[in-house]
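The structure appears right after this line, and notes come after that.
Residue numbers (the numbering used here): 2 to 296.
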């Protein structure tokens, strides 16, 4: 299956329009139509409803394969480029909003003292964007956070042969407005909160889809969706009683109007990991190793 055709198919679905997909990809609209027709002949099924543009049942299933396939394709090209690249003079570090570990600043300082000509850029990214950018070499080192059982790795989508280094595990807490009836509890069980009002903040708090997967229930429905990366913005909404969120305990210290109640059951932690390509003596590998040693 031609990856160029798959990329066109994904673009049409994402844009909801053949003409918008053509504009994004730099093709003519007729070329996009030809790509989709060729892919449908290859698959032997109609993949898109034309009016309005939306994937058919077969198209939805193909989309589930296409996104990870294209990511692996881009990751393979980036990996080959890394292998033949000159020694790094710059490093881009991507961090999810809650993945910045306490020793990060001093450890980065130590690395820059040994490599004074290394130019460093730090980007705050959502979890999906960070994984994609590390895999495709837009980011050299990624610091990603999430929820896991103690000592278990984060469950991340397959993005090629990335090296993962554990950096920290910290307690999780349910963030409640100070006036909430449960704010006085010493601990909470996740299953008791399935029908509560939640804020879905997938790039900041623990995503609600992960809560549903862990609990095996269909609860944890959002009263509000928050697409930002600013933790203070999220806690402001929680304090105003727009919903709950599950966050690392340390992120809730000294947040006005918030009461953090530890999560007792199930046994879950907020885990931070470093993701990078394991090239010998690369700045990313050295920094990840130093961060793990200082954790």
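A virtual CB, placed ideally from N, CA and C, is assigned to each residue, including glycine.
Notebook entry, point to check: How would you label residue 272, buried or exposed, when you count the other beta carbons within 10 angstroms and need 16 or more for buried?
Noted result: buried
Notebook entry, point to check: Under a three-way DSSP split, which group does residue 262 fall into?
Noted result: strand
Notebook entry, point to check: Could you give the C-beta distance for residue 177 and residue 184, rounded to a whole number, given that I count them as a contact under 8 Å?
Noted result: 5 Å
Notebook entry, point to check: How about residue 104 and residue 295: are their beta carbons less than 7 Å apart?
Noted result: yes
Notebook entry, point to check: Is the number of C-beta pairs between the region 110-117 and the region 48-62 that are closer than 8 Å three or more?
Noted result: no
Checklist line | Residues bridged to residue 143 (per DSSP) | finding: 95, 276
Notebook entry, point to check: Does the Cβ of residue 286 have 16 or more other Cβ atoms within 10 Å, making it buried, or fewer, making it exposed?
Noted result: buried
Notebook entry, point to check: Alpha carbon to alpha carbon, how far is residue 126 from residue 26?
Noted result: 23 Å
Next item on the list: Could you pull out every residue in the same chain whose Cβ sits closer than 6 Å to the Cβ of residue 95, ignoring the five residues on either side in sequence?
Entry: 124, 126, 131, 134, 140, 143
Note to self: Can you find the residues in the same chain that come closer than 8 Å, C-beta to C-beta, to residue 23, ignoring five residues on each side of it along the sequence?
What the structure shows: 29, 30, 32, 33
Item checked: Within 7 Å, strictly: CB atoms of residue 97 and residue 146 -> yes
Margin query: For residue 170, count the other beta carbons within 10 Å of its own beta carbon; 16 or more makes it buried, fewer makes it exposed. Which is it?
Written below: buried
Next item on the list: Determine the closest residue to residue 2 out of 16, 14, 153, 41, with distance taken between C-alpha atoms.
Entry: 41
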